[in-house]
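Asks: There's a structure below that I have some questions on.
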Amino acid sequence: MSTTDGPTLIPDAKAEQDAITRESNRTTRGGFFAPLADRWNRLSRPQQWAFLLVVVVIAYALPVLNPPLITSEPGNDWPITCLQMAIFALVAVGLNVVVGYAGLLDLGYVAFFAVGSYTAAMFTSPDSPYLHIPYLWTLPVAMAVAMFFGVLLGVPTLRLRGDYLAIVTLGFGEIVRILATIIPAMKGQVGFQNVGHPPGTAADGHPIFSNSNGTPWYWLTITVLIVILLLAGNLERSRVGRAWVAIREDEDAAEIMGVPTFKYKVWAFAIGAGIGGLSGALSAGATGFINNQKFDVQTSILFLAAVVLGGSGNKVGAILGGAVVAYLPLRFTAIADYKYLIFGVVLVVLMIFRAKGLLPARQRLLAYGKVAYARVAARSRAGSPTAATKTEGTAK
Amino acid sequence: MDDSWISFDIPSLMQNFWSATFDGLTFGAIYGLVALGYTLVYGVLNLINFAHSEVFIIGCYGVVFTLTSLGFGPNVPTLGPLAIIGDLLLALIVGMIASAVTALALERVAYRPLRKRNAPRLAFLITAIGASFAIQYGIFLVRGASPEPAVTMFQPTPIFDVFGTIVDSQQIIIVIAAIILMVATDQFIRRSRTGRGIRAVAQDPDTATLMGVDRERIIMTTFVIGGLLAGAGALFYVMKVPSGVFYAGGFVLGIKAFAAAVLGGIGNVRGALLGGLLLGLIGNYGQILLGNSQWTDVVAFVVLVLVLLLKPTGILGTSMGRARA
Chain H
806 MSTTDGPTLI
816 PDAKAEQDAI
826 TRESNRTTRG
836 GFFAPLADRW
846 NRLSRPQQWA
856 FLLVVVVIAY
866 ALPVLNPPLI
876 TSEPGNDWPI
886 TCLQMAIFAL
896 VAVGLNVVVG
906 YAGLLDLGYV
916 AFFAVGSYTA
926 AMFTSPDSPY
936 LHIPYLWTLP
946 VAMAVAMFFG
956 VLLGVPTLRL
966 RGDYLAIVTL
976 GFGEIVRILA
986 TIIPAMKGQV
996 GFQNVGHPPG
1006 TAADGHPIFS
1016 NSNGTPWYWL
1026 TITVLIVILL
1036 LAGNLERSRV
1046 GRAWVAIRED
1056 EDAAEIMGVP
1066 TFKYKVWAFA
1076 IGAGIGGLSG
1086 ALSAGATGFI
1096 NNQKFDVQTS
1106 ILFLAAVVLG
1116 GSGNKVGAIL
1126 GGAVVAYLPL
1136 RFTAIADYKY
1146 LIFGVVLVVL
1156 MIFRAKGLLP
1166 ARQRLLAYGK
1176 VAYARVAARS
1186 RAGSPTAATK
1196 TEGTAK
Chain S
-14 MDDSWISFDI
-4 PSLMQNFWSA
6 TFDGLTFGAI
16 YGLVALGYTL
26 VYGVLNLINF
36 AHSEVFIIGC
46 YGVVFTLTSL
56 GFGPNVPTLG
66 PLAIIGDLLL
76 ALIVGMIASA
86 VTALALERVA
96 YRPLRKRNAP
106 RLAFLITAIG
116 ASFAIQYGIF
126 LVRGASPEPA
136 VTMFQPTPIF
146 DVFGTIVDSQ
156 QIIIVIAAII
166 LMVATDQFIR
176 RSRTGRGIRA
186 VAQDPDTATL
196 MGVDRERIIM
206 TTFVIGGLLA
216 GAGALFYVMK
226 VPSGVFYAGG
236 FVLGIKAFAA
246 AVLGGIGNVR
256 GALLGGLLLG
266 LIGNYGQILL
276 GNSQWTDVVA
286 FVVLVLVLLL
296 KPTGILGTSM
306 GRARA
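Respectively, the protein sequence lines represent chains H and S.
So the mapping is simple: the numbering used here equals the position in the first sequence, first residue as 1, plus 805.
Numbering follows the numbering used here, in which position 276 of the second sequence is assigned residue number 261; successive positions increment by one, without gaps.
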């Protein structure tokens, strides 16, 4: 028996690892980040957590660091750019649940963002004659209202074939925008001023969460983002997540295997809508003003581009995609006018050359299957099954 | 909620019923022509070609540029009837060619590579929406956000009077020309050799290939036919809405045309005509009933959702594959 480098690395495990690496190299076809992903997968759990901690600290420090070259100044305020990136990342994580996990093409996602924004505005803005509640309470309320709309739209349309869903959601996005214009209570282009903000006053007497200072809002948004990521990660690994993957890969087969596809599709839709509403509420608070102008189809498509660019089905990819889509036009102001053209072309080119996006989704179920396969293969190569067990015994 | 945001103005609908009907039929004919493009591509590839609305709007630009360079402007032209007809025919041909070339380019550049690598459905849809977006904003960069200057083709003259409402020459020309084009398409699909190929591919692409049908050629032909019809629709659209040609002008019309195709039964050529006319009527009645032109779009979407819920196959069924005259 050969000597081992560490306590966890047994000879079988090494063969296993090689087999897995070979497999994953073959499936990702030499993606830009495939070696990185492999290295990540090889780290032990505590190492992964330690690394994540560093990433989180850097993320929190980002608006204060204002790194040269990366910074969007002087064109755009850097903390506000960070905030935009965080909000886009949150939206992309939400849309990723719908498009990436469950494979439902939602082209009207901005509608849920709008619902969240309007909920926050109507409960906090002095322009609104209705009940007023503290801003932070509007976050869960906006989420609930958006989820309600998600179910409302999902129940009738999710029984349909996938491509009809695309056009119905596209229509829904337009309807919400048009209703915001037509319905007097939504105040059309006049909109709502002075949307609320979380409590707290700085030393100089100004509120901490002001519309001109992006940093506190950014911190709030990435805190929310981290919570949502943990929840989404758990969902992804749960029975629900497995059902979503099954639906995405083959809906008929999933149905035959006993997955209640309709129920889980509605769940995906509602959860995605809820996250969209949440990000809308955050965005409305941070900007302090909303009207009917921002919630157009173009924005929906930008959201979709973020998810697809990052890697549909991969939440880390969604964050990356969202941040990139928000960052590029703000950093390179020369391309700001071309952004819709660029991201439209990006969608087409990605689908042709790299449909999996920058960070391809990890197929967890298949990955487990590969582990099992590699173990069996390694054992049969090592000779008799008893030899393999003896090996494991010595390693222990 | 304010309770005044929606109100039903029934007397107004009664009063304007016939003019709304004739106008609705005119718009419906245009929807129908564009809807044919969606229906044909859907029949053959099972793909919602989101970018078809951009195929249409490029046809509109072709028409407007041709007419402008021929000296047409916002005022009624002072040409003889024959000269006008000649110019309009030229504009029609340019519009049809512009749209057909766009449709073909789209097929070659965006969809064919995906077909070659057997991409999943989602990839096709994302490509379609991406292409639609890219073309739209390509136009935006070249032509800006404001609409092209209006082009008046001729002064509509009253032709006859029905129930106290005047039907003018413009409405007659659009509806009749659109119906002729659609019937011609229907007959082409039913009777010609290429049409048989299209139906065969719609029915079963693999078997069709085995029977000697060149699938790629059929798909290209389908895109070209859809483009030609969209280009024709573009001429009538410019005729009806002279100042409606701007970069995003095709988008909403495209969604409505798709709704029309679904309403009639997607994949069904006759369904596109029926769905277009019905949707034109419903949209116009809804607009007058609810008292704001913005409602047309809302009404069209609600109709689409209702149709999908109650009868997803549409009124005439999705029968291009099966139809045999």
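Think of the CB as a built atom: it goes at the ideal place given N, C-alpha and C, for glycine as much as any other residue.
Taking the straight line between their C-alpha atoms, what separation do you get for S:M138 and S:L52?
Replies: Locating residue 138 of chain S in the second sequence gives position 153, counting from the first residue. Locating residue 52 of chain S in the second sequence gives position 67, counting from the first residue. Using only the alpha carbons, I get a separation of about 8 Å.
Asks: Can you give, in chain order, each stretch of the alpha helix (DSSP H) that sits fully within the segment 266 to 296 of chain S and has at least 4 residues?
Replies: Complete alpha helix (DSSP H) runs here, min 4: 280 to 295.
Asks: Quick one: Cα of S:I164 to Cα of S:A14, how far?
Replies: Residue mapping note: residue 164 of chain S aligns to position 179 of the second sequence, counting from 1. Residue mapping note: residue 14 of chain S aligns to position 29 of the second sequence, counting from 1. Approximately 7 Å between the Cα atoms of the pair.
Asks: Whose Cβ in chain H lies nearer than 7 Å to the Cβ of S:I42?
Replies: Position 57 of the second sequence holds residue 42 of chain S. Ordered by position in chain H, no residue passes the 7 Å Cβ test against S:I42, which lies about 14 Å from the chain.
Asks: For H:V981 and chain S, any beta-carbon pair shorter than 8 Å?
Replies: Within the first sequence, numbered from 1, the residue matching residue 981 of chain H stands at position 176. Judged by the 8 Å Cβ criterion, H:V981 is not in contact with chain S.
Asks: If you reduce the DSSP assignment to three classes, tell me which class H:D1142 lands in.
Replies: Working through the first sequence from its first residue, we reach residue 1142 of chain H at position 337. Note: H:D1142 maps to helix in three-state DSSP.
Asks: Distance check for S:A113 and S:P98, CA to CA, integer angstroms please.
Replies: Here residue 98 of chain S refers to the residue found at position 113 when the second sequence is read from its first residue. Here residue 113 of chain S refers to the residue found at position 128 when the second sequence is read from its first residue. Answer to the nearest angstrom: the Cα atoms are 13 Å apart.
Asks: Residues of chain H with CB closer than 7 Å to the CB of S:N277, please, in chain order.
Replies: Your numbering for residue 277 of chain S matches position 292 in the second sequence. The contacting residues are I987.
Asks: In whole angstroms, what separates the C-alpha of H:L874 from that of H:R1136?
Replies: To locate residue 874 of chain H, count along the first sequence from 1; it is residue 69. To locate residue 1136 of chain H, count along the first sequence from 1; it is residue 331. Looking at the two C-alpha atoms, the distance is approximately 9 Å.
Asks: Is any beta-carbon of chain H found at less than 8 Å from that of S:A187?
Replies: For the purposes of this step, residue 187 of chain S is identified with residue 202 of the second sequence, where counting begins at 1. For S:A187, the answer is no, since every Cβ of chain H falls outside 8 Å of its Cβ.
Asks: Looking only at its own chain, which residues have a Cβ that is under 8 Å from the Cβ of S:V127, when we skip the five neighbours before and after it?
Replies: Locating residue 127 of chain S in the second sequence gives position 142, where the first residue counts as 1. Hits under 8 Å: none found.
Asks: For a contact meaning CB atoms closer than 7 Å, what does H:I1157 contact in chain S?
Replies: As a first step, residue 1157 of chain H must be located in the first sequence, where it is residue number 352. The contacting residues are P98, L99.
Asks: Would you say H:P961 reaches chain S, if we count a Cβ-Cβ gap shorter than 8 Å as a contact?
Replies: Numbered from its first residue, the first sequence carries residue 961 of chain H at position 156. Yes - at least one Cβ of chain S is within 8 Å of the one on H:P961.
Asks: Which class does S:T137 belong to by DSSP, given the choice of helix, strand or coil?
Replies: Here the question's residue 137 of chain S lines up with position 152 in the second sequence. Three-state result, S:T137: coil.
Asks: On a Cα-Cα basis, can you pick out the residue from H:S930, H:T962, H:L965 that is closest to H:A990?
Replies: Here the question's residue 990 of chain H lines up with position 185 in the first sequence. The shortest C-alpha separation from H:A990 is found at H:S930.
Asks: State the Cα-Cα distance for the pair H:R964 and H:A1058, rounded to the nearest angstrom.
Replies: Translated into the one-based positions of the first sequence, residue 964 of chain H becomes position 159. Translated into the one-based positions of the first sequence, residue 1058 of chain H becomes position 253. Whole-angstrom Cα-Cα distance: 16 Å.
Asks: What are the partner residues of S:V152, as DSSP defines its beta bridges?
Replies: For the purposes of this step, residue 152 of chain S is taken as the residue at position 167 of the second sequence. Answer is S:F145.
Asks: Which residue wins for smallest C-alpha separation from S:L314, given the options S:D(-6), S:G17, S:G65?
Replies: Beyond the ends of chain S as shown, which are -14 and 310, falls residue 314 of chain S; an answer cannot be given.
Asks: Exposed or buried, which one is S:A116 when buried takes at least 16 other CB atoms within 10 Å?
Replies: On the second sequence, residue 116 of chain S is found 131 positions in, with the first residue counted as 1. With 16 or more other Cβ atoms within 10 Å, it is buried.
Asks: Quick one: which chain S residues come within Cβ less than 8 Å of H:A1037?
Replies: Indexing the first sequence from 1 puts residue 1037 of chain H at position 232. None at all; the shortest Cβ gap to chain S is about 20 Å.
Asks: With H:F917 as the anchor, note down where its alpha helix (DSSP H) starts and where it stops.
Replies: Indexing the first sequence from 1 puts residue 917 of chain H at position 112. Its alpha helix (DSSP H) spans residues 915 to 929.
Asks: Starting from H:I1106, find everything on chain S with Cβ-Cβ shorter than 7 Å and list it in chain order.
Replies: As a working mapping, residue 1106 of chain H is identified with position 301 in the first sequence. Correct list: I114, F118.
Asks: Leaving out five residues before and five after H:G880 in sequence, what residues of the same chain have Cβ atoms less than 8 Å from its Cβ?
Replies: On the first sequence, position 75 is the one that residue 880 of chain H refers to. Excluding sequence neighbours, H:G880 sits near L1135, R1136, T1138.
Asks: Three-state secondary structure (DSSP) at H:T1006?
Replies: By one-based count along the first sequence, residue 1006 of chain H stands at place 201. Here H:T1006 sits in strand by DSSP.
Asks: Please report the residue range of the alpha helix (DSSP H) in which S:L390 lies.
Replies: With chain S covering only -14 through 310, there is no way to say anything about residue 390 of chain S.
Asks: Give the straight-line distance between the Cα atoms of S:I273 and S:P297, rounded to the nearest whole angstrom.
Replies: As a working note, residue 273 of chain S is residue 288 in the second sequence. As a working note, residue 297 of chain S is residue 312 in the second sequence. Cα-Cα distance, rounded: 27 Å.
Asks: Buried or exposed: where does H:S1017 fall if 16 or more other Cβ atoms within 10 Å of its Cβ makes it buried?
Replies: What you label residue 1017 of chain H is simply residue 212 of the first sequence in a count that begins at 1. By the neighbour-count rule (16 or more Cβ atoms within 10 Å), H:S1017 is not buried but exposed.
Asks: Roughly how many angstroms separate the alpha carbons of H:A891 and H:Y865, rounded to a whole number?
Replies: Here residue 891 of chain H refers to the residue found at position 86 of the first sequence. Here residue 865 of chain H refers to the residue found at position 60 of the first sequence. If you take the alpha carbons of H:A891 and H:Y865, they lie about 11 Å apart.
Asks: Which residue spans inside the segment -6 to 49 of chain S form an unbroken alpha helix (DSSP H) run of at least 4?
Replies: Entirely contained in the segment -6 to 49 of chain S, the alpha helix (DSSP H) runs reaching 4 residues are, in chain order, -5 to 0, 2 to 30.
Asks: According to DSSP, which residues form a beta bridge with H:P1012?
Replies: The residue given as residue 1012 of chain H occupies position 207 in the first sequence. Its beta-bridge partners are H:T1006.
Asks: By the DSSP assignment, the alpha helix (DSSP H) with H:M991 in it spans what residues?
Replies: Taking the first residue of the first sequence as position 1, residue 991 of chain H is located at position 186. Where H:M991 is concerned, there is no enclosing alpha helix (DSSP H), given that its DSSP letter is neither H nor E.
Asks: What are the partner residues of H:F997, as DSSP defines its beta bridges?
Replies: Position 192 of the first sequence, counted from the first residue, corresponds to residue 997 of chain H. In the DSSP output, where bridge partners are listed per residue, H:F997 has H:I1095.
Asks: Can you find a CB in chain S that lies within less than 8 Å of the CB of H:G976?
Replies: Residue mapping note: residue 976 of chain H aligns to position 171 of the first sequence, counting from 1. Yes, contact with chain S.
Asks: Could you spell out where the alpha helix (DSSP H) holding H:F1137 opens and where it closes?
Replies: As a position in the first sequence, residue 1137 of chain H is number 332, starting the count at 1. Segment: none, H:F1137 is in no alpha helix (DSSP H) and carries neither H nor E.
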